[in-house]
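Going by UniProt numbering, the sequence shown opens with residue 1, and the numbers climb by one from there.
No residue lacks a Cβ here, since even glycine has one placed at the ideal position from N, Cα and C.
Beneath this line is the structure, given in structure tokens, with notes to follow.
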Amino acid sequence: MACVFCEIVAGRRPAHVVLDDEIAFAFLDARPLLKGHTLLVPRQHYETFADVPGDLVGPLFERAQRLSRAVEEALGAAGSFVAMNNRVSQSVPHLHVHVVPRNRGDGLRGFFWPRTRYADDAEAAEYAARLRGAL
């Protein structure tokens, strides 16, 4: 099955293009959280963040940073929400960074999932150790 985002990058599917260069492609989300919600994708197909080559991470996120500034400046937003999903909640299996303009009272409430707590500092330390071990 063809990747929808690869088809957009190739020009075979319409999109409202915001950025198009040798590294990345950005376009308005067809189902925006708020007007101006932009998706930034690497031109090459990578399914998840872990799949992106290390030498592409910096250039890709430089563009995310530029888009974050742009949505604030161009749309008069007080801030922006920059996020990415990996597999879970990733509606299109092509890495994409969401850049969403934000203003107080815009209807979005923090994160979209409930928060939790560690039972105590020992449990938090154990999680940190497990993550350090995986790195």
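Measuring C-alpha to C-alpha distances from residue 45 to each of 63, 31, 25 and 36 identifies 25 as the nearest. Between the alpha carbons of residue 79 and residue 118 lies a distance of about 30 Å. Here residue 26 is bridged, per DSSP, to 19 and 40. Counting only the Cα atoms, residue 122 lies some 10 Å from residue 129. Out of 56, 64 and 126, the CA that lies nearest to the CA of residue 97 is found in 64. When 87, 84, 92 and 77 are compared, the shortest CA-CA separation from residue 34 is found for 77.
Along the segment 45-125, the alpha helix (DSSP H) occurs as fully enclosed runs of 4 or more residues at 54-75, listed in sequence order.
Our two residues, residue 55 and residue 103, have alpha carbons roughly 33 Å apart in a direct line.
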